[in-house]
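>
Numbering (mature numbering (1 follows the signal peptide of the UniProt record, and there is no 0)), first residue to last: -20 to -1, 1 to 379.
Following this line, the structure appears as structure tokens:
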């Protein structure tokens, strides 16, 4: 890796740096962080095609570097993501796209940043345009890491105690609800010869059970809310599952029914909603109050149409914070399908969503983040500086 870094530095001395073109985007999750408490997330992306100049760029190398600590992570077309040997608490991922009209990206996560990691960070990308001319794209962010105060430590302790309490409640329920599969679920599975076609067929004394539908899809059902019959497609309750993920994971689904945090997957949601009409309900909790938003119809188009969102009329007490996302395509940090000019909203706001330019809701955002627009936001409930503490999106077949 040392040879690679040396090669990058030598190239930088002979290739003119182009910093005026708005292709390279580089941002941190916050400008000010608390030492050893808050992670530092640096996200860098480069568009392979410039609509203004009609130029196509082939990226060769991307790297992120600290002004005094040196190179943190590198990525090249011939080599997977690598981090410096002394960065034991650092994780990085990224990919270079030269054939598709997707953004090449590199993201670095410093789990426990120290004060010595304050300062300027640089992202540089080396590329060739369609005529073979070399170019260097550069962007800079400044991060300040501060020593935590007593109030910060008290807040962290409170969060840990809350998580311990939640885990204790889960453990207490294990005898009747082990791994999210209830005793009723076992009874249901053994007494019905015909598989369920939807959660509307499921009756249970428990609020939520996990069943396998006739299609083979394993789902969690809400059997009580507004008469029950809901297939839960997104659920967040503690922030244990990382929702900042790429296109493939959001397409296929991820998470864990055992701890109750998951995303069913856009392809699974598309298959459900394209066969029969469904309605959508979103349940939220914020400041010890419960809110909901319900939509009379919900349809997710297929992958070839970028999982475009179509919704019907709104009702509820949460405010219609999904209207701005209506008819938008789904975006992730590695697939920029939003309407924002020169910006990937998923990167800017630490999520994955049906971003417009950019959002009034961000339920797949960064858990507990109070930076503008980066948290688990629903504007009608939290505004864009606070996060809900519970989110559940669910579908129900219409009669």
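The C-beta atom is built at its ideal place from N, Cα and C for all residues, glycine as well.
Identify the continuous alpha helix (DSSP H) that holds residue 227 and give its terminal residues.
227 to 232
> Touch check for the segment 87 to 96 and the segment 34 to 43: three-plus C-beta pairs under 8 Å?
no
> Would DSSP call residue 356 helix, strand or coil?
Reduced to three states, the DSSP call for residue 356 is coil.
> Of the residues 273, 296, 56 and 306, which one's Cα is nearest the Cα of residue 289?
306
> For the candidate residues 348, 350 and 355, whose alpha-carbon lies nearest to that of residue 341?
355
> Roughly how many angstroms separate the alpha carbons of residue 408 and residue 202, rounded to a whole number?
No statement about residue 408 is possible, as the shown extent of the chain runs from -20 to 379 and does not include it.
> Which runs of the beta strand (DSSP E) at least 3 residues long sit entirely within the segment 287 to 334? Give them in chain order.
Whole beta strand (DSSP E) segments, 3+ residues: 289 to 291 and 294 to 296.
> Between the alpha carbons of residue 263 and residue 272, how many angstroms are there, rounded?
4 Å
> Counting only the same chain and skipping the five closest in sequence on each side, list residues whose C-beta sits under 7 Å from that of residue 297.
271 and 272
> Which residue from 252, 207 and 311 puts its Cα closest to that of residue 177?
252
> Using only alpha-carbon positions, find the residue among 241, 221 and 205 that is nearest to residue 213.
Ranking the options by Cα distance to residue 213, first place goes to 241.
> Out of curiosity, what's the CA-to-CA distance linking residue 189 and residue 377?
17 Å
> Determine, using beta carbons only, whether residue 27 and residue 114 come nearer to each other than 8 Å.
no
> For the beta strand (DSSP E) that residue 248 lies in, which residues bound it at each end?
Careful: residue 248 lies outside any beta strand (DSSP E), inside the alpha helix (DSSP H) at 246 to 255.
> Closer than 6 Å by C-beta to residue 91: which residues in its own chain qualify, once you throw out the five before and the five after it? Chain order, please.
19 and 69
> Using a threshold of 8 Å, state whether the C-beta atoms of residue 343 and residue 311 are closer than that.
no
> Please state whether the Cβ-Cβ distance between residue 396 and residue 61 is less than 8 Å.
Since the first residue shown for the chain is -20 and the last is 379, residue 396 is missing from the structure and cannot be characterised.
> Distance, Cα to Cα, residue 192 vs residue 374?
16 Å
> For residue 59, count the other beta carbons within 10 Å of its own beta carbon; 16 or more makes it buried, fewer makes it exposed. Which is it?
exposed
> Cα separation between residue 329 and residue 353?
6 Å
> So the beta strand (DSSP E) residue 373 belongs to, where does it begin and stop?
Per DSSP, residue 373 belongs to the beta strand (DSSP E) from 370 to 377.
> As a quick exercise: from 325, 336 and 315, pick the residue whose alpha carbon is nearest that of residue 230.
Among 325, 336 and 315, the Cα nearest to that of residue 230 is on 315.
> Suppose you measure from the CA of residue 309 to the CA of residue 360; what does that come to, to the nearest Å?
22 Å
> Would the segment 4 to 11 and the segment 112 to 127 be scored as touching if the rule is three or more Cβ pairs under 8 Å?
Contact between the segment 4 to 11 and the segment 112 to 127 is present, because at least three Cβ pairs lie under 8 Å.
> Using 8 Å for Cβ pairs, my map puts residue 217 next to residue 179. What's the rounded Cβ distance?
Contact doesn't hold; Cβ gap of about 19 Å is too wide.
> Who are the Cβ neighbours of residue 327 in its own chain at under 7 Å, not counting the five residues just before and after it?
5, 7, 23, 25 and 313
> Go through its chain and collect everything with a Cβ distance to residue 245's Cβ below 8 Å, but skip five positions before and after it.
230, 231, 232, 233 and 234
> Taking the alpha carbon of residue 195 as the reference point, which residue from 100, 109, 21 and 255 has its own alpha carbon closest?
255
> DSSP three-state label for residue 179, please.
helix
> For residue 12, collect the residues of the same chain with a Cβ closer than 6 Å to its Cβ; drop the 5 residues on either side in sequence, then sort them by chain order.
The beta carbon of residue 12 sits closer than 6 Å to those of 124, all from its chain and outside the five residues before and after it, given in chain order.
> Using CA atoms only, rank isn't needed, just tell me which of 236, 267, 109 and 295 is closest to residue 259.
The closest CA to that of residue 259, considering only 236, 267, 109 and 295, is found on 295.
> If you drop the 5 nearest sequence neighbours on each side, which residues of the same chain put their C-beta closer than 7 Å to that of residue 15?
If you ignore the 5 residues before and after residue 15, its C-beta comes within less than 7 Å of the C-beta of 93, 94, 95, 125, 126, 127 and 128, all in its own chain and listed in chain order.
> Since residue 120 is in the beta strand (DSSP E), which residue starts that stretch and which ends it?
114 to 126
> Could you give the C-beta distance for residue 331 and residue 345, rounded to a whole number, given that I count them as a contact under 8 Å?
4 Å
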